Every structure is written in structure tokens, then in C-alpha cells.
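Each remark here refers to the structure printed beneath this line.
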Amino acid sequence: MRLRWIPVVLAAGLLAGCSSTSTSAVDSGVASVAPESQRSSQFAKTPGRSADPAAGQQREVVRTADLDLEVDDVAAASAEVRRRAEAVHGYLEQEDGYRSSTTLTVRIPAAELDRALDDLSGLGRVTARSLRAQDVTDQLVDTRSRIESQQASVQRLRDLMARATTVEDVVSIESELTTRETDLEALQRQEASTANQVQLATLRVGLATTSTATTEETGFLAGLAAGWRALTEAGAAFLTAAGAVLPFAAVLAVPAAALYVLHRRKKALKASSL
């Protein structure tokens, strides 16, 4: 009886030895792989700015400013604004001019905005100045995360496309792939636009001169212009009133004319009877 249990005991011992060997091999494999994955994880967090705003990441801020100035020469001042924007590797985005004033919108590196405001303030007398900042860190982090997910999704569909064997599968996968690629491009454009706003601040500079306006508002020509404006306004008011009364006058003219004719006939009859 005891001899019958010997093969069973030996088999159990062999299985235990194999399982312990396999477990130790797996453990050693995990131990050898773990440092590599940790290194990869650490490397992914190293570049530039952390994906976690709470981890001490540099904030992504969109900066805009407005500056209104009174200057002696609007044309010369506007040329100086353009020159100084180009000097710091910025550019003129838009310019709107009207009579003796003009408004310029320039894009300059965000780091140069404060210095540009101080420098441009010396071109004339500052009448208004404002500076705004909008934190878009969370927005950019979310958009970049969605881009990564969408890129992985597109790549999976491309792999499925490569393994497709029927026309139906190719058509179905291709349609879905086109949709996801379009969504990916939209996210990339959104990210690029926001990143551009972070890198380049927007500065609006309003230039105006008051000396010309003051001269035009005094003297004979100014009085003549004011009188003409008053005359035209009075004429417009008279014509407006006449236009409002005219419909009533047209309606009342018919019975008034009938009464007048009737009155003349009565007078004629009385005169003939006498």
C-alpha cells in the first residue's frame, strides 16, 4: 500500500517545483520589466511642461492689452508702432483709420508685452490703458489629451484597414476613418490656435489727435457749419411734420370742397330769388 503512494508524492513534488520555478521566472521577468516601464513613465513626464497643472506646470496664459494715446502726428506714430512691433518679431494684424485717428492691432511675443506698453506710452499722452490675462492651461491640457486619444483611435482603424479582407469591411472602416481623421484635424487646429494666442499677445493701440478737432470747432467756418446743421435739422423737422399732416389734409379736402360748392350754390339761389 505504501508503495502505491510513492509515484503520487513524486508527481506532486515535481509539479510544485515547476510551479515555483515558473513563479520565480515570472517574478524575475516582472522585476526586469518594471524598471524599464518606470524609466519610460519618468521620461514621458520630463519634456517641457507637465500634463498635470498641479505638478508645478508653467501656466498657459493668453494676454491682451489696450492702449489709447493722444499724439501730434497720427501717421508718424502709427509707423512707429509698426516698427517697434517688428523689432520684437511681431507683426501688424489690422489697422483701421478714420479722419484724424487710427487703431492698430499688433501681435507681439507675450514676454514683450509689458515692455511694449511702456515704450509705446512715450509716443504721446496716455488716455486709457488696460491689460488682461486669461488662463487656458486646462483647456490646452484637455485638447492635447484628446488629440493623443484621437491619434491612437485613427491608428487602430488604419491597422484594421490593413487587415480588411472584404469590400464591405474596407468601405465601413474607411468611412469611420475619414470621420475620425476630420475630428483629429479640428482638434489640432484648435490646439494650434490657442497655442498661438499664448505665444503672441494681442495689443490694440488707438491713436488720436485733438488739436485739429479743437481748431475746426472755432471760428467762422465752425459757426457756418453749425448754422447749416441747424437749418437742415429745422427743414427736416418741418418736412416730417408736413408729411404727417398731409394724409389727413387729403381726406378732409373732399368734404370741405363739397361744402364750399354747396355754400356757393345757396348764395347764388338767394341772389336770384331777390
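Read left to right, the sequence shown gives residues -25 to -1, 1 to 249 (mature numbering (1 follows the signal peptide of the UniProt record, and there is no 0)). Every residue gets a Cβ at the ideal spot worked out from N, C-alpha and C, and that includes glycine. Being a predicted model, the structure only gives us computed values, none of them experimental.
{"Check": "Determine which residues share a DSSP beta bridge with GLN69 and list them.", "Outcome": "THR80"}
{"Check": "Grouping DSSP H, G and I as helix and E and B as strand, with all else coil, what is ARG59?", "Outcome": "helix"}
{"Check": "I want to know whether the region 169 to 179 touches the region 33 to 43 - three or more CB-CB distances under 8 Å.", "Outcome": "yes"}
{"Check": "Rounded to a whole number of angstroms, what is the C-alpha to C-alpha distance between ARG107 and VAL81?", "Outcome": "15 Å"}
{"Check": "Assuming the contact rule is C-beta atoms closer than 8 Å, ARG133 and LEU152 should be a hit. Round their C-beta distance to whole Å, please.", "Outcome": "7 Å"}
{"Check": "Using 10 angstroms around the beta-carbon of GLY198, count the other beta-carbons present and answer buried if the total reaches 16, otherwise exposed.", "Outcome": "exposed"}
{"Check": "Using three-state DSSP, classify TYR235 as helix, strand or coil.", "Outcome": "helix"}
{"Check": "Using the rule of at least 16 other Cβ atoms within 10 Å of the residue's Cβ for burial, across every protein chain shown, is GLN69 buried or exposed?", "Outcome": "exposed"}
{"Check": "Do SER53 and LEU79 have their CB atoms nearer than 7 Å?", "Outcome": "yes"}
{"Check": "Assuming contact is defined by CB atoms lying nearer than 7 Å, are LEU182 and LEU67 in contact in what I supplied?", "Outcome": "no"}
{"Check": "Flag this pair as yes or no: are the beta carbons of ILE148 and ALA139 separated by less than 7 Å?", "Outcome": "yes"}
{"Check": "Look at the Cβ atom of VAL129, then the Cβ atom of LEU159, and state whether they are nearer than 7 Å.", "Outcome": "yes"}
{"Check": "For a minimum of 4 consecutive residues, which ranges assigned as the alpha helix (DSSP H) are wholly contained in the region 94 to 159?", "Outcome": "112 to 138"}
{"Check": "Under the rule that 16 or more other beta-carbon atoms within 10 Å means buried, what is ARG(-24), buried or exposed?", "Outcome": "Any reading at ARG(-24) needs caution, since the residue's pLDDT is 40, under 50, leaving its predicted position unreliable; the model's value is listed next. So ARG(-24) counts as exposed."}
{"Check": "State the DSSP-derived secondary structure class of THR184, mapped to helix, strand or coil.", "Outcome": "coil"}
{"Check": "Inspect the beta-carbon positions of ILE83 and GLY99 and report whether they are closer than 7 Å.", "Outcome": "no"}
{"Check": "On a CA-only basis, which of ASP94, PHE195, LEU42 is nearest VAL63? Give me that one, please.", "Outcome": "ASP94"}
{"Check": "Which two residues bound the contiguous beta strand (DSSP E) that contains GLU45?", "Outcome": "36 to 45"}
{"Check": "Kindly indicate which three-state DSSP category ARG179 falls into: helix, strand or coil?", "Outcome": "strand"}
{"Check": "Can you say whether ALA60 is buried or exposed, counting buried as having 16 or more other CB atoms within 10 angstroms of its CB?", "Outcome": "buried"}
{"Check": "Within a Cβ cutoff of 6 Å, which residues of the same chain sit near ASP71, ignoring the five residues on either side of it in sequence?", "Outcome": "THR78"}
{"Check": "Can you check which of these residues, THR169, TYR235, GLN126, is closest to THR157 by C-alpha distance?", "Outcome": "GLN126"}
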